[in-house]
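**Q**
Number of protein chains: 2
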Amino acid sequence: MFEKPASTEVPIAALLARRWSGRAFDPDRPVPREVLLALCEAARWAPSCYGDEPWRFVIWDRCADPDHWAHAFATLAEGNRAWARDAPLLMLAAAATVFARDGRANRWGAYDTGAASMSLCVQATESGLMVHQMGGFDPERLRLAFAIPETFHPMAMMAIGYQLPESRIPEGVREREYAPRSRRRLGESFFLGEWGRPGPL
Amino acid sequence: MFEKPASTEVPIAALLARRWSGRAFDPDRPVPREVLLALCEAARWAPSCYGDEPWRFVIWDRCADPDHWAHAFATLAEGNRAWARDAPLLMLAAAATVFARDGRANRWGAYDTGAASMSLCVQATESGLMVHQMGGFDPERLRLAFAIPETFHPMAMMAIGYQLPESRIPEGVREREYAPRSRRRLGESFFLGEWGRPGPL
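Residue numbers (our numbering), protein chains in the order written: chain A, 1 to 201; chain B, 202 to 402.
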């Protein structure tokens, strides 16, 4: 498996360093049900405000249910359809806008759902899978197609599957797939004691 | 270290199963700078929409800078102050409301920040630390105290530190600390093909 681990000042957990959002999926390798179940369990045990678990995930499996998969796929932006067509699984992460326990506005719905999705991504790395999250999709079209209640916001679509063997990665995709990963400098996002004061390096 | 791993249908990564939000922190055991750095690096390498990295984290270290720590601590809800006072580190996770790249509204700010925080929590487990995220704090008081720009939403405060040795966990705290973890049934949050259709068990 082709890897490009994060470049960090100090070592971090291998599962975090190795996770990245590849695009070259193997169209011929489905995700076994037990592996899918592990992804769900990982997301399920994420923390949430008041333990409300504001996330909902919808799974579309191209092998088991090609029709629903195609409806979900059709909501993706054109640029994403170009490569996401090879992913055997698509998933939607949706965030509750209100608490299940009392119906009041939940300002942590998206935050907690992002945590659940990250947990899923970490488990995907553990299971040898790639996950690529996409903001590029039509949330209202998806809402209509799948009768998503108004009290949930479609946050991200995810393409999930196994990486294509390196020898089969097409020339046009190779460059982007092999491009180095980068992040802002640590002190630009992590502050010590005061807002804007670079830390902790 | 006292643990209560998630109860899952299939095995998941140990770092995910073992993560939980304890409250019994050891007040006498500070977090070394290198360990703190690993938490930041883990959050830094989370994925984000357009790679915008909409998260900002502010770290308050009770040993190194007790004054700023106390200002941050004072914004916590009373119930949280009762136990968070023992945490040597407090951290704020704040989410950008606009994209850094073009200033347009970023509807994924909180979602991506939640992912970065989850990544930090996973690294904390790797480093033998506990993280407890809190929604119970006064975001406007925090904004004023630390001049947080209007373009960022304070999402969560985190108490971070080492677990108190079991023999030193006070009687009153013990029951809550030892209570079993639970989550909704899988089929209530994870749907297959259609919204509301239980899956994938």
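Each residue gets a CB set at the ideal place from its N, CA and C atoms; glycine is no exception.
Everything numeric in this text was worked out from a predicted model, so none of it was measured.
#1: Between B:ASP303 and chain A, is the shortest Cβ-Cβ distance under 8 Å, so that the two count as touching?
#2: Taking DSSP as the reference, what is the three-state secondary structure of A:GLY196?
#3: What separation, rounded to the nearest whole angstrom, lies between the Cα atoms of A:ILE169 and A:PHE2?
#4: Report the neighbours of A:ILE160 on chain B: residues whose CB is nearer than 9 Å to its CB, in chain order.
#5: Going by CA-CA distance only, name the one from A:ALA82, A:ALA70, A:MET130 that's closest to A:GLY22.
#6: Label B:ALA476 either buried or exposed according to how many other C-beta atoms from any shown protein chain fall within 10 Å of its C-beta, with 16 as the threshold for buried.
#7: In chain A, which residues lie less than 7 Å from B:GLN364 when you measure between Cβ atoms?
#8: For chain B, check one thing: does any of its Cβ atoms lie closer than 8 Å to the Cβ of A:THR113?
#9: Excluding sequence positions up to five away, which residues of its chain have a Cβ less than 8 Å from the Cβ of B:GLU367?
#10: If B:LEU365 sits next to B:ALA225, beta carbons under 8 Å apart, how far is it from one beta carbon to the other, in whole angstroms?
#11: Could you check if A:GLY103 is buried or exposed, using at least 16 other CB atoms within 10 Å of its CB as the buried criterion?
#12: Tell me which residues share the same chain as B:ILE359 and place their Cβ nearer than 6 Å to its Cβ, disregarding the 5 neighbours each side in the sequence.
#13: Name the residue from B:ARG286, B:ARG282, B:PRO401 whose alpha carbon lies nearest to the alpha carbon of B:TYR363.
#14: Report the rounded CA-to-CA distance for A:GLY128 versus A:GLU34, giving the unit in angstroms.
#15: Can a CB atom of chain A be found closer than 8 Å to the CB of B:GLU327?
#16: Using a Cβ cut-off of 8 Å (strictly closer), state whether A:ARG175 contacts chain B.
#17: How is the beta strand (DSSP E) around B:ARG257 delimited, first residue to last?
#18: Mind listing the chain B neighbours of A:VAL58? Cutoff is C-beta to C-beta under 7 Å, in chain order.
#19: Could you please give me the residues that DSSP links to B:VAL332 through a beta bridge?
#20: By the criterion of Cβ-Cβ separation under 7 Å, what are the contact partners of A:SER167 in chain B?
#21: Give me whichever residues DSSP pairs with B:HIS354 in a beta bridge.
#22: Please report the distance separating the alpha-carbon of A:SER119 from that of B:ALA348.
#23: Does any residue of chain B have a CB that is nearer than 8 Å to the CB of A:CYS40?
#24: Rounding to the nearest angstrom, what Cα-Cα distance links B:THR298 and B:GLU351 in this structure?
#25: For B:PHE203, does the three-state DSSP call read helix, strand or coil?
#26: Below 7 Å between beta carbons is the criterion; list the residues of the segment 229 to 254 of chain B that meet it against any residue of chain A, in chain order.
#27: Span of the alpha helix (DSSP H) holding B:GLU378?
#28: Tell me, please, whether the CB atom of B:MET331 is closer than 8 Å to any CB atom in chain A?
#29: From A:ASP26, A:PRO47, A:PRO32, A:ASP28, pick the residue whose C-alpha is nearest to that of B:ARG382; which is it?
#30: Starting from B:ALA297, find everything on chain A with Cβ-Cβ shorter than 7 Å and list it in chain order.
#31: Less than 7 Å between the CB of A:GLY196 and some heavy atom of the ligand FAD, yes or no?
#32: Per the contact definition of three or more C-beta pairs closer than 8 Å, is the segment 110 to 125 of chain A in contact with the segment 300 to 319 of chain B?
#33: In the DSSP assignment, find the alpha helix (DSSP H) that holds A:PRO88 and state where it starts and stops.
#34: Report the neighbours of A:PRO200 on chain B: residues whose CB is nearer than 7 Å to its CB, in chain order.
#35: Taking contact to mean 3 or more Cβ pairs, one atom from each stretch, closer than 8 Å, check whether the segment 205 to 219 of chain B and the segment 376 to 391 of chain B are in contact.
**A** The short version:
#1: no
#2: coil
#3: 11 Å
#4: What A:ILE160 touches in chain B: nothing, since even the nearest Cβ is about 12 Å away.
#5: A:MET130
#6: This structure leaves residue 476 of chain B out entirely; chain B is present only between 202 and 402.
#7: Here the premise fails: no neighbours, minimum Cβ distance about 16 Å.
#8: yes
#9: PHE203
#10: 4 Å
#11: exposed
#12: Note on residue identity: the sequence assigns Met, not Ile, to residue 359 of chain B. Closer than 6 Å at the Cβ level, and outside the excluded window around B:MET359, lie MET292, VAL332, GLN334.
#13: B:ARG286
#14: 13 Å
#15: yes
#16: Reading off the sequence shown, one finds Glu at residue 175 of chain A, where the question assumed Arg. It does not; no Cβ of chain B falls within 8 Å.
#17: 256 to 262
#18: PHE392, TRP396
#19: B:ILE361
#20: Near A:SER167 there are no residues of chain B at all, since even the closest Cβ is about 27 Å away, more than 7 Å.
#21: B:ALA296
#22: 32 Å
#23: yes
#24: 9 Å
#25: coil
#26: ARG234, GLU235, LEU237, LEU238, ALA239, CYS241, GLU242, ALA243, ARG245, TRP246, ALA247, PRO248, CYS250, GLU254
#27: 372 to 379
#28: no
#29: A:PRO47
#30: Per Cβ cutoff of 7 Å: no residues; B:ALA297 is ~10 Å from chain A at best.
#31: Questions concerning the ligand FAD fall outside what the structure shown contains, since it holds no ligand whatsoever.
#32: yes
#33: Run containing A:PRO88: none; DSSP gives neither H nor E here.
#34: ARG234, LEU237, LEU238, CYS241, ILE260
#35: yes
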